[in-house]
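Single-structure report; data block below.
Next comes the structure, spelled out in structure tokens:
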């Protein structure tokens, strides 16, 4: 089931989550900020533009029109389209960021392959997920089983699974992650930490960096 109609219908409800969980949101923003490099960047699945606006990512890709309008209100230049077939030129970005969006994609592998295509040689991909086996991952999956409007269409992944897919597409994955939310479910602030990928599986929000495998000539 596609998540796009749900995000179109409940765009403002989804965006309000960040206001209701301000401490958690601030922790996640700081984690993302630690990895975002310089250059021209894009957020894939930019949603309401919360992260792009806070971190300073100038461009976004978003399939849900209602979400795209919220992102534009935050000053993000939004392309409307799906991750599996991006309306973007080859080798056009220095970095790409994906925050949580992976769990809502119809075809994550195809989307990551498209990211590889649009990145310049040695470009960076920052992917942040809620690891499936973390306390947060188990909590959101249970909400999905109970019929939660967003999490019924979510499929969570482990960091190991993400690393395997990225490696198979030609990315080189850093062996450290930036992670927050180690104290279980709840709204609290936590400074980001650099941890190994195995340890990061236990955190509620973890970001990994992957480098485009083709280097500059």
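Residue numbers (full-length UniProt numbering): 1 to 217. Glycine residues also receive a C-beta, built at the ideal position from the N, C-alpha and C atoms. Here the structure is a predicted model, which means the values were calculated and not measured.
Does the pairing of the region 112 to 122 with the region 79 to 96 give three or more beta-carbon distances under 8 Å? As far as the Cβ criterion goes, the region 112 to 122 touches the region 79 to 96, which means the pair count is three or higher.
Relative to the C-alpha of residue 138, which residue among 58, 147, 17, 204 is closest? On the chain shown, residue 138 is found 138 positions in, with the first residue counted as 1. Ranking 58, 147, 17, 204 by Cα distance to residue 138 puts 204 first.
Validate contact between the region 92 to 100 and the region 120 to 128 using beta carbons, cut 8 Å, 3 pairs: They touch, by the three-pair rule.
Below 8 Å, can you find three or more Cβ-Cβ pairs linking the region 146 to 163 to the region 49 to 57? Under the three-pair Cβ rule at 8 Å, the region 146 to 163 does not count as touching the region 49 to 57.
Quick check on residue 205: does DSSP put it in helix, strand or coil? Here the question's residue 205 lines up with position 205 in the chain shown. Note: residue 205 maps to strand in three-state DSSP.
In angstroms with no decimal places, state the Cα-to-Cα distance between residue 66 and residue 153. By 1-based counting over the chain shown, the position of residue 66 is 66. By 1-based counting over the chain shown, the position of residue 153 is 153. Residue 66 and residue 153 have their alpha carbons spaced roughly 18 Å apart.
Only counting the same chain, and skipping five residues up and downstream in sequence, which positions put a Cβ closer than 6 Å to that of residue 3? For the purposes of this step, residue 3 is taken as residue 3 along the chain shown, with counting starting at 1. Setting aside the 5 residues that flank it on each side, residue 3 is surrounded in the same chain by 104, 153, each with a C-beta closer than 6 Å to its C-beta; the list follows chain order.
Closest to residue 187 by C-alpha separation, out of 14, 24, 164, would be which residue? Residue numbering aside, residue 187 sits at position 187 when the chain shown is read from its first letter. Comparing Cα-Cα distances from residue 187 to each of 14, 24, 164, the minimum goes to 24.
At which residues does the beta strand (DSSP E) containing residue 42 begin and terminate? Here residue 42 refers to the residue found at position 42 of the chain shown. Residue range 41 to 44 is occupied by the beta strand (DSSP E) that includes residue 42.
Of all the options 208, 90, 71, 93, which has the alpha carbon lying nearest to the alpha carbon of residue 174? Residue mapping note: residue 174 aligns to position 174 of the chain shown, counting from 1. For residue 174, the closest of 208, 90, 71, 93 by C-alpha to C-alpha distance is 208.
Residue ranges of each alpha helix (DSSP H) within the region 154 to 196, 4 or longer: Within the region 154 to 196, the complete alpha helix (DSSP H) runs of at least 4 residues are 159 to 168.
Contained alpha helix (DSSP H) runs [length at least 4] in the region 90 to 148, N- to C-terminal order: You should have 108 to 118, 135 to 145.
To the nearest angstrom, report how far apart residue 110 and residue 47 are at their CA atoms. Within the chain shown, residue 110 is the residue found at index 110, counting from 1. Within the chain shown, residue 47 is the residue found at index 47, counting from 1. Roughly 19 Å separates the two Cα atoms.
For a test of your reading of the model: does the CB of residue 101 fall under 7 Å from any non-hydrogen atom of the ligand GTP? Yes or no. The ligand GTP is absent from the structure shown, which contains no ligands of any kind.
Where does residue 200 sit, in a helix, a strand or coil, going by DSSP? Position 200 of the chain shown, counted from the first residue, corresponds to residue 200. Residue 200: helix per DSSP, three-state reduction.
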